[in-house]
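S.K.: Just dropping this structure here.
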């Protein structure tokens, strides 16, 4: 049996779009980290927003889900601010710190939890201040639009 060995160290980029509150994105992201360990893949993290995605149909959603969506703004604002101020390379570790708290530990999506995650990710806790403001909403929308546009381009039938 013969095997072909890669002769270069090039890694295939895998763009991963996430909203920190989405449990399905969380599960898939952990799988992608495992893939990255055994395949020549480099995960590049990007923010999308369930709040932006669901804006046009908020009136159609159950009340419980609308409340969750309202709480979704804070974590995505913090992620976008972190990337804007410290570079996109911080997103992987910030997402891991937030996701572990939200999805594994069941911690609330509140400022104290976000501050803990920022500290773990080596980022200033002052970034948590943007969670309750609209200061980065244009950037959140732009990042989400890039996810939507990219998805439409890559999933269209060929």
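Numbering (full-length UniProt numbering), first residue to last: 1 to 158. Note that CB positions come from ideal geometry on N, CA and C, so glycine has one too.
1) Taking C-alpha atoms, which residue in 67, 15, 24 and 29 lies nearest to residue 95?
2) Enumerate, from N- to C-terminal direction, the unbroken alpha helix (DSSP H) stretches of 4 or more residues contained entirely within the region 47-131.
3) Can you look up residue 34 in the DSSP assignment and give me helix, strand or coil?
4) Secondary structure at residue 135, three-state DSSP: helix, strand or coil?
5) With a Cβ-Cβ cutoff of 8 Å, do residue 47 and residue 127 count as a contact?
6) If we count the other Cβ atoms within 10 Å of its Cβ and call it buried at 16 or more, is residue 19 buried or exposed?
7) Taking the DSSP output, what are the residues bridged to residue 13?
8) Just checking, does the region 71-86 make contact with the region 137-147 on the three C-beta pairs under 8 Å criterion?
9) Do the CB positions of residue 14 and residue 41 come within less than 8 Å of each other?
M.R.: Judging by the given coordinates:
1) Working through the chain shown from its first residue, we reach residue 95 at position 95. Between residue 95 and the set 67, 15, 24 and 29, the nearest pair of CA atoms involves 29.
2) As far as the region 47-131 is concerned, its whole alpha helix (DSSP H) runs of at least 4 residues are 50-54, 63-86, 91-99 and 111-120.
3) One-based indexing of the chain shown puts residue 34 at position 34. If DSSP states are grouped into helix, strand and coil, residue 34 belongs with the helices.
4) The residue given as residue 135 occupies position 135 in the chain shown. Residue 135 falls in the coil class under three-state DSSP.
5) Taking the first residue of the chain shown as position 1, residue 47 is located at position 47. Taking the first residue of the chain shown as position 1, residue 127 is located at position 127. Not closer than 8 Å, so no.
6) In the chain shown, counting from the first residue as 1, residue 19 sits at position 19. With a 10 Å radius around the Cβ and a threshold of 16 neighbouring Cβ atoms, residue 19 comes out buried.
7) Mapped onto the chain shown, residue 13 falls at position 13. Answer by DSSP bridge pairing, in chain order: 42.
8) Flag = yes, the region 71-86 and the region 137-147 touch.
9) Mapped onto the chain shown, residue 14 falls at position 14. Mapped onto the chain shown, residue 41 falls at position 41. The beta carbons of residue 14 and residue 41 sit closer together than 8 Å.
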